[in-house]
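2 protein chains.
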Amino acid sequence: MSFDSTIQAKAIDLTKLSYEMTAEAGSGHPTTAASLAHLISVLMYSHMRYEPANPSHPSSDRLVLSEGHAVPIVYAACADLGVMIGRSKEEWHPMTREDAMSLRELDSVVDGHPNPIEGFPFFDTATGSLGQGLSHAAGLALAARLDDLDKRIFCIIGDGESREGNIWEAIDFIKDEALTAVCPIFNCNVFAQSGKVSHQQSAEVLQAKLEAYGFKVLRIDGHNPAAIQEALSEHARNQHNPEADLVAIVAKTTKGWGSPSQQGMGHHGKPAEGDELAEALSELDAKAKEVGAAEDTKLKIGMMTGKKPDAEPRKQPMSFEAALKEFGLEKVLQKGQYATRRAYGVALRALGHADHRVVALDADVQNSTFAEMFADDEALANRFFRCRIAEQNMFAVAAGLSAGGKVPYCSTFAKFVVRGYDQIEMAINSGSDLKVVGSHAGVSLAADGPSQMSLPDVAWFGAFSQMTRPDGVPGCYVLQPSDAYSAYALTLLMADHPGPCYMRTLRPDTEFLYGPNDTFTLGGHEVLSEGRDLLIVASGYMVHEANKALDILDSQGVDATLVDLYSLPFDGEAIMDLANDNGGNILTLEDNYGHGIGAAVASVAAEDGSGFTVEQMFVRNLPKSARTPEAITDYVGLSPEHIAGRAMAMLELTAA
Amino acid sequence: MSFDSTIQAKAIDLTKLSYEMTAEAGSGHPTTAASLAHLISVLMYSHMRYEPANPSHPSSDRLVLSEGHAVPIVYAACADLGVMIGRSKEEWHPMTREDAMSLRELDSVVDGHPNPIEGFPFFDTATGSLGQGLSHAAGLALAARLDDLDKRIFCIIGDGESREGNIWEAIDFIKDEALTAVCPIFNCNVFAQSGKVSHQQSAEVLQAKLEAYGFKVLRIDGHNPAAIQEALSEHARNQHNPEADLVAIVAKTTKGWGSPSQQGMGHHGKPAEGDELAEALSELDAKAKEVGAAEDTKLKIGMMTGKKPDAEPRKQPMSFEAALKEFGLEKVLQKGQYATRRAYGVALRALGHADHRVVALDADVQNSTFAEMFADDEALANRFFRCRIAEQNMFAVAAGLSAGGKVPYCSTFAKFVVRGYDQIEMAINSGSDLKVVGSHAGVSLAADGPSQMSLPDVAWFGAFSQMTRPDGVPGCYVLQPSDAYSAYALTLLMADHPGPCYMRTLRPDTEFLYGPNDTFTLGGHEVLSEGRDLLIVASGYMVHEANKALDILDSQGVDATLVDLYSLPFDGEAIMDLANDNGGNILTLEDNYGHGIGAAVASVAAEDGSGFTVEQMFVRNLPKSARTPEAITDYVGLSPEHIAGRAMAMLELTAA
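Residue numbers (this note's numbering), protein chains in the order written: chain A, 13 to 668; chain B, 13 to 668.
Listed below in structure tokens is the structure:
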């Protein structure tokens, strides 16, 4: 009984500390924590192979706490084990009980939910928005497989949480990829926040579902140390057996285990305080006697291999023209036009050869986004992951891949990127180095209609372009290349930048605006035409519409400046200097809804206060299908004629 | 064989027209359409109970084409049957073959994907972004149940599409609610866009999954008319049998059925043109002979009941104070403060009693959003739907409820609303009358940390506030009440407005700023304090921070105007008039990332061109946990001291 009694003792100690720290914080989820007391004790004190002194070592087994609100139990274990924490080298230290009691304090790294970027590297990803952790685990497992690291990824998922579709997208993906390194553990404690979980999320139905998805399910008592250890061991035995089924664990647990006064409804996310706390703690002491808790054996944490992935040197990727030649596409150069989505495909392939960190993920549109150029290259195919029609899982897997040291490029239609916005935000919050490429952006895809058009995307990613993470990295760069040269260059540049980027590519072919000697930067822009009457600021497809409008304006004697503002954020001062040279008149053009590029330019102009006038043209009515880009840009009021007309009106001129 | 031969003839005719219309359009998905030829023929010519002349009659059976790209086959049937279409009364006419051939034209209502708002009322909702239709169907079924309408909702889901987690959230929900009126039909045609579907989406595994979820599965040959009819009939027999299992149909089909030259890979979303088209059509003619196609019996479309829901009159809801008294909460009035999320709960309950159309949906946080006030009222409980932890399904069910004539209020944490942005956008595109209420908005929830904070939400919904639907309704109002009176009033106002609204409510109690005589409007704002030096524009929680800043500024001799800008869009001219009265100086405050309120105000100011100066304060660094709202607002630079300091700097004053 010594393993049992020792785990019982640990479980009870950790539970008590969970109650104490949440009482101190005045918020948190001690009863959920209690339901995991034994699972966490077996994992962190015995089964997992890691070093508390080196919690993010690449060869260590990982724990993804998908039900992030249960985190006090992990904090308790980390405090007991002295797992290293700290925001900076100076603050780096073994976690203490005092740290645990600082839970949710502003100046504490012990955040309300798993939040590695604040200085808690035991966790790889931020969780707390439910249903994403299993995909993170899958990404970590893929990275380990690529790096030939023998490690396992344990993922704890709440029963209520398993209602999230993302969980089942992840289960399908783990099955497709045969990711035996992932150990999904469902914590069935029956009580969700506002009531009992549905029968659909009961241990019995979860087991049936997992079996239907192709898993072998071990249903255990989640408070029985021996049963937990045996189930984890069975998972371990299966890991390297190609004949074996994937294994998932369904653990029946009690929310508020050990403290009857904290069980049942009404205790979710409510710390016990005062007398209630005292009662819960004394019940746990009584429980300790009842179960014979005693630290009568020394537990030994599993030993990690200590192996690190090979650090292959990065090379300078080929130039666009060299890549076209290399890939047998040199005819493109004569054509003088090429879709930015195609240039992305060429760049992704070239980049894949130059940078071993780069991996690519797709959601069944690789032949539309042209990520297929990467997929179809035999030398790269093992770094290409088909996520099928399941965008949430794709972006959350990418967060896991990034945590595993990879640089994931995820591409799908820009419209379908929205499906994973929550996953993308959690990736940004996790410190991920995520590249998102949305194709068929804006309205120029025309025929398929609004169900395939990305319209509020610049607003959403734009919001991240205005914030900074604790690691000093901007929340996101928003990149809108207008031609193949810039699309190629920006695809490469994203890999050099250690943070999130969102690039919009276009369906139609667009004319070359740049050549081999043009250079681009994140945060940059390009002056395509210099005038003196009006500054036109455009992005992506609208640069071409603006170019046509320039001809009309020229015929009317109007001499406009055209800027290709291919990046958010951008150099506001430089844009205002250009505005100054153009009578203070700015016209912005974008093929999406408002709160985007125009609002960003207006924000800079209005902050300047020098009396610039900024008029914004964007999509102001719900688009529909049209057979040509010209027809739809006309419908939404963004044709060259509309642009020229608006410019004339701004200058109070009438057409000659 | 007459039913068989007639359906075969219809299936082949419709398939041919699908090829022809997509060839004419130059894009579209004829091979997917062909895989549904027999299913659509049996449904629309025989099984479904509806009237082509009255395609949106509330008692008619409905078809939700979740795999929206298959739509040409439905268009073909509608053209053959003369289903009524048209954007306006003047254009209202039976669909013709000529209409079908206008597929994807700008001036055609025959859009690239199902798009009812353009004038195609046979469909209830816009689909085309995959995985949402089954939730729409569930919403339609709930509405029918509430209205005691005997109808069925057929929903066709692609096999590749069934990878989307939303589908499984819907399946769980349909099971929970025992929605026997919904008939899910999985179209297993094996080929997705970029390859074969995963084994996880094969007919066999889909069957196993559905059985694990608690469905009886009928696996049929989707090109066998009798088998289709029998499966649909079995579903019908089960509809009113409380003992029976829920039934789902898994149909094995052939992508490009009838045209071997169009089968296999490489034919997704690519119309056959020229010789290829001729070959496909001639293969179909040969197939007609092979299967004995002949219109040798008259098919009769099922007859709908013609019943309409009772139109209960709407009453004027109670006032806030009357509601508090009615619900035993009168003590709130003495306290002088109350969280806006609580006021929302009170309003939702009062509204439920006054307006029978109002229904409420929750995602397991009803006791945090206070939607529980509606749920716990016995008279309203049947209009409250627990969607559990599955936000995508919640919002898409709401789109179905709206199409069924209800006014759905969906509430969850504002942070978790993002999980359903795609579903919300498709609802907006569908013409839905959707109300989204996100609680714990911004940073003031503090302790739980960034995984629970909504930060780019104002940017995203703000983008919709700048566009208009074809029905003339704004894409979305963004409402940010700062106190309980305004939260109550705005909750009621949303029901009077026939379109999408997003309201942010707050976790902490906030002081009353208004009283019983104050009135509010969508698009409105309120001047809370009149000064002359500086205009401060704030929303929600920041109004209270601004109020505290006013005291500091007052002590420094600065006389600021404070506007509670509780709505986007807003009256820009009125705000600029106020700016004029305040030296042209505007300072905006919001507790979210940029591209929000500040950008909207800056856009108006910059368009005006009168030299206003707009400085924006918003969240510029990733927040973390803190134990109090004060600590976190200070951390993100939005404390009253920060505000006052920025105001002084704007005015080039130094603190006395």
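Glycine included, C-beta positions come from ideal geometry on N, C-alpha and C.
With a beta-carbon spacing of about 7 angstroms, L93 (chain B) and M56 (chain B) fall inside the 8 angstroms limit used to define contacts. Chain-order list of chain B residues neighbouring H125 (chain A): D460, G461, P462, S463, Q464 and S637, by C-beta distance under 9 angstroms. At a cut-off of 8 angstroms between C-beta atoms, P520 (chain B) does not count as an interface residue with respect to chain A. E302 (chain B) has its alpha-carbon roughly 20 angstroms from the corresponding atom of Y31 (chain B). DSSP links R74 (chain A) through a beta bridge to A:I165.
In this structure, A:H50 is the residue among A:L118, A:F135, A:G417 and A:H50 with its C-alpha nearest to the C-alpha of A238 (chain A).
In the structure shown, I240 (chain B) falls within a helical segment according to DSSP collapsed to helix, strand and coil.
Looking at B:A215, B:I186 and B:M629, the one whose alpha-carbon comes closest to that of G172 (chain B) is B:A215.
At a cut-off of 8 angstroms, the C-beta of L446 (chain A) has no neighbouring C-beta in chain B.
With fewer than 16 other Cβ atoms inside 10 Å of its own Cβ, N592 (chain A) counts as exposed.
Contact between L504 (chain B) and P325 (chain B) does not hold, since the beta-carbon distance rounds to 16 angstroms and is not under 8 angstroms. For the segment 621-646 of chain A, the set of positions with a beta-carbon nearer than 9 angstroms to some beta-carbon of chain B reads G621, S622, G623, F624, T625, V626, E627, Q628, F630, V631, R632, N633, L634, K636, S637, A638, R639, T640, A643, I644 and D646 in chain order.
Within the model, the alpha-carbon separation for A558 (chain B) versus T645 (chain B) is close to 12 angstroms. In this structure S494 (chain B) is in contact with D576 (chain B), their Cβ atoms being roughly 6 angstroms apart against a cut-off of 8 angstroms. No Cβ of chain A is located within less than 8 angstroms of the beta carbon of R516 (chain B).
Closest in C-alpha terms to V122 (chain A), from the list B:A224, B:N66 and B:D460, comes B:D460.
The contact set of P482 (chain A) on chain B, defined by CB atoms closer than 7 angstroms, consists of L634 in chain order. Within the model, the alpha-carbon separation for G596 (chain A) versus E585 (chain A) is close to 13 angstroms. The beta carbon of Y578 (chain B) sits no closer than 8 angstroms to any beta carbon of chain A. Nearest CB-CB separation between H247 (chain B) and chain A: not below the 8 angstroms threshold. At a Cβ-Cβ threshold of 8 angstroms, I440 (chain B) and P512 (chain B) count as neighbours. What K187 (chain A) touches in chain B, judged by beta-carbon distance under 7 angstroms, is Q212, going in chain order. The alpha carbon of S68 (chain A) has as its nearest neighbour, out of A:T43, A:V95, A:L77 and A:H59, the alpha carbon of A:V95. For the segment 496-574 of chain A, the continuous alpha helix (DSSP H) assignments of 4+ residues that do not extend past its boundaries occur at 496-508 and 553-567, in sequence order.
Here R516 (chain B) is buried, its C-beta having at least 16 other C-beta atoms within 10 Å.
Taking A387 (chain B) as reference, the option from B:Y421, B:F407 and B:E403 with the minimal CA-CA separation is B:Y421. An exposed status is given to A661 (chain A), since fewer than 16 other beta-carbon atoms sit within 10 Å of its beta-carbon. Contact annotation: the segment 627-634 of chain B touches the segment 648-664 of chain B, with at least three C-beta pairs closer than 8 angstroms.
Between the alpha carbons of P468 (chain A) and D583 (chain A) lies a distance of about 23 angstroms. With a threshold of 8 angstroms between beta carbons, Q492 (chain A) makes no contact with chain B. Beyond the five residues adjoining it in sequence on each side, S141 (chain A) comes within less than 7 angstroms, by CB distance, of D434 and M438 in the same chain, given in chain order. With respect to the C-alpha of A402 (chain B), the residue from B:D389, B:F425 and B:G417 having the closest C-alpha is B:F425. Within the segment 392-424 of chain A, the residues whose Cβ lies closer than 9 angstroms to any Cβ of chain B are, in chain order, R398, C399, R400, I401, A402, E403, Q404 and N405.
Judged by DSSP secondary structure, R157 (chain B) falls within the alpha helix (DSSP H) whose first and last residues are G145 to L158. If only complete runs of 3 or more residues are kept, the segment 379-437 of chain A shows the beta strand (DSSP E) at 396-398 and 419-425, in order along the chain.
Within the segment 288-356 of chain B, the complete alpha helix (DSSP H) runs of at least 4 residues fall at 332-338 and 343-347.
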